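The listed protein sequences correspond, in order, to chains Y and S. Under the numbering used here, the first residue of the first sequence carries the number 1, and numbering increases by one thereafter. Under the numbering used here, the first residue of the second sequence carries the number 114, and numbering increases by one thereafter.
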Amino acid sequence: SQTIHQWPATLVQPVGSPLSLECTVEGTSNPNLYWYRQAAGRGLQLLFYSVGIGQISSEVPQNLSASRPQDRQFILSSKKLLLSDSGFYLCARNPMGVGGGYTFGSGTRLTVV
Amino acid sequence: GDSVTQMEGPVTLSEEAFLTINCTYTATGYPSLFWYVQYPGEGLQLLLKATKADDKGSNKGFEATYRKETTSFHLEKGSVQVSDSAVYFCALGGAQGGSEKLVFGKGMKLTVNP
Numbered sequence: 001s002q003t004i005h006q007w008p009a010t011l012v013q014p015v016g017s018p019l020s021l022e023c024t025v026e027g028t029s030n031p032n033l034y035w036y037r038q039a040a041g042r043g044l045q046l047l048f049y050s051v052g053i054g055q056i057s058s059e060v061p062q063n064l065s066a067s068r069p070q071d072r073q074f075i076l077s078s079k080k081l082l083l084s085d086s087g088f089y090l091c092a093r094n095p096m097g098v099g100g101g102y103t104f105g106s107g108t109r110l111t112v113v
Numbered sequence: 114g115d116s117v118t119q120m121e122g123p124v125t126l127s128e129e130a131f132l133t134i135n136c137t138y139t140a141t142g143y144p145s146l147f148w149y150v151q152y153p154g155e156g157l158q159l160l161l162k163a164t165k166a167d168d169k170g171s172n173k174g175f176e177a178t179y180r181k182e183t184t185s186f187h188l189e190k191g192s193v194q195v196s197d198s199a200v201y202f203c204a205l206g207g208a209q210g211g212s213e214k215l216v217f218g219k220g221m222k223l224t225v226n227p
């Protein structure tokens, strides 16, 4: 199984509050993991990816950070949320290498108020 | 850099109508191409893929052919159903830094009415 677990499913947070979204995966070890954000009318934007424990690559400068403390755990964080952080956050893995595409989690809907 | 351009819609069709969603890409090298579908409130699911020129991906009645000469990967279905109502994303993938990175189009919302 290449199942991806994301939680929470929905989250409403005030501006300036911290954020922690967790993604855990099942299946083969040492997966490549990704965080995407889907904002209204803007499609999917790659935020971070990781090829191993402690290895994080950031795609865009922003208010968010990511960490990979364990092989199958990928965490998205913020110290102080902005209104512009609202969106649908998706965790993904690349189970079959190049040409295999991604498997996505069910996502977290974040609304910053 | 690599990019994907697709029809954005939204598009509304009647059941049993023919569907085409255009997708073109710009990339260096020879990317893999994908179509993903997102049903309301859910994550993305891989619909079909093609990894080299002239490959045809197919699934659930949907088809797309990798056309290198026109840099396109248009999605088609001969007869859509209400259950096909969703957002469709075209994507290209290529190896980079030990990982496959996907670049997505903006997505197209399809509504099929009975």
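Ideal Cβ positions, reconstructed from N, Cα and C, are used throughout, including at glycine. On a predicted model such as this, the values are computed, not experimentally measured, just so you know.
Check, Outcome
"Can you grab the Cα-Cα spacing for the pair G220/S / K79/Y, in whole Å?", "30 angstroms"
"With DSSP as the reference, label V60/Y as helix, strand or coil.", "coil"
"Which residues in chain S have a C-beta closer than 9 angstroms to the C-beta of G101/Y? List them in chain order.", "S145, F147, Y149, L159, K162, A204, G206, E213, L215"
"Report the three-state DSSP secondary structure of L82/Y (helix, strand or coil).", "coil"
"Here's the rule: buried if 16 or more other CB atoms are within 10 angstroms of the residue's CB, otherwise exposed. What is Q194/S?", "exposed"
"If L44/Y sits next to L110/Y, beta carbons under 8 angstroms apart, how far is it from one beta carbon to the other, in whole angstroms?", "L44/Y to L110/Y, Cβ: 15 angstroms. No contact."
"Let me know the secondary structure DSSP gives A195/S once reduced to three states.", "Sequence inspection shows Val at residue 195/S; the Ala mentioned does not correspond to that position. Here V195/S sits in helix by DSSP."
"Quick one: which chain S residues come within Cβ less than 8 angstroms of L90/Y?", "G156, L157"
"When DSSP builds the beta bridges, which residues end up paired with R109/Y?", "T10/Y, F88/Y"
"For L47/Y, tell me which candidate among L76/Y, Q6/Y, I53/Y, R72/Y has the shortest Cα-Cα distance.", "L76/Y"
"For the beta strand (DSSP E) that Q143/Y lies in, which residues bound it at each end?", "A query on residue 143/Y cannot be resolved here, the shown segment of chain Y reaching from 1 to 113 and no further."
"Does G170/S get closer than 8 angstroms to chain Y when you measure Cβ to Cβ?", "no"
"Suppose you measure from the CA of I53/Y to the CA of P69/Y; what does that come to, to the nearest Å?", "6 angstroms"
"Is the distance from the Cβ of L90/Y to the Cβ of V112/Y below 8 angstroms?", "no"
"What does the alpha-carbon distance come out to for the pair V119/S and S50/Y?", "Residue 119/S is actually Gln in this sequence, not Val. Their Cα atoms are separated by approximately 28 angstroms."
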